[in-house]
Amino acid sequence: MKRIRFRFEGGGEVSATLLEEKAPLTCEKIWNALPLESIVTQSRWSGRELNFTYNEQDLPTRENQTIYTSLGEVCYWRDWNWEEEGTLPQALAIYYGAELARSHKGSEPVNVIAQVDYPEFDKLVQIGERIWLEGKEKIYIEKLES
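With the working numbering applied, the sequence shown has no gaps in its numbers, which climb one by one up to 156 at the end.
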């Protein structure tokens, strides 16, 4: 069982377990790309969602996609319409509430790749609300040793 940690520049961290049975190829590509650093922002369309670019050259495949997300789910967006020059259309998202995955185009299927640990849900909600109210900040994603 592979585990990852999200650390936030403004304070706080949460851990998650990769859901390799749901999206094995996506989980493997993301695991192999760690550690990562990005800028996390509040979603404009999906509500209680934090998202950040994931800029790898080899796009993971679509696996077991859904538009329905739950509290603590970590999802991979492929073909996301990111406008930052030099990046590929990809993002990772952490949901701090149950939402529909969507963009300005409507529903957007995502690969669910990880689940934040249940005891850390309250902390995740606090971090999400802080970013929503105060704006973007750096996020660091790393492997957790077993």
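Yeah, the Cβ is synthetic: ideal placement off N, Cα and C, and Gly gets one too.
Remember, it's a predicted structure, so these values are computed and weren't measured experimentally.
- By DSSP's assignment, Y64 forms no beta bridge with any residue.
- Fewer than three Cβ pairs drawn from the stretch 15-28 and the stretch 71-81 lie within less than 8 Å of each other, which leaves the two stretches out of contact.
- When the five nearest sequence neighbours on each side are left out, the beta carbons in the same chain lying within less than 8 Å of the beta carbon of R13 are those of S25, A26, T27, L28, K153, L154 and S156, in order along the chain.
- A Cβ-Cβ distance of about 7 Å is found for the pair A33 and V122, placing them in contact under the 8 Å criterion.
- Counting C-beta atoms within 10 angstroms of its own C-beta, G116 has fewer than 16 neighbours from the protein chains shown and is therefore classed as exposed.
- In this model, G22 and E66 are separated by some 26 Å (Cα to Cα).
- A103 and G20 have their alpha carbons spaced roughly 18 Å apart.
- Looking from the CA of R140, the closest CA among Y150, T51 and T63 belongs to T51.
- A direct Cα-Cα distance of roughly 11 Å separates G145 from S53.
- Counting only residues of its own chain and dropping the five nearest sequence neighbours on each side, G57 has a CB closer than 6 Å to the CB of E109.
- DSSP places W55 outside both helix and strand once states are collapsed to three, so it counts as coil.
- Rounded to whole angstroms, F18 and C85 show a C-alpha spacing of 18 Å.
- Going by beta carbons, E83 and I151 fall outside the 9 Å limit.
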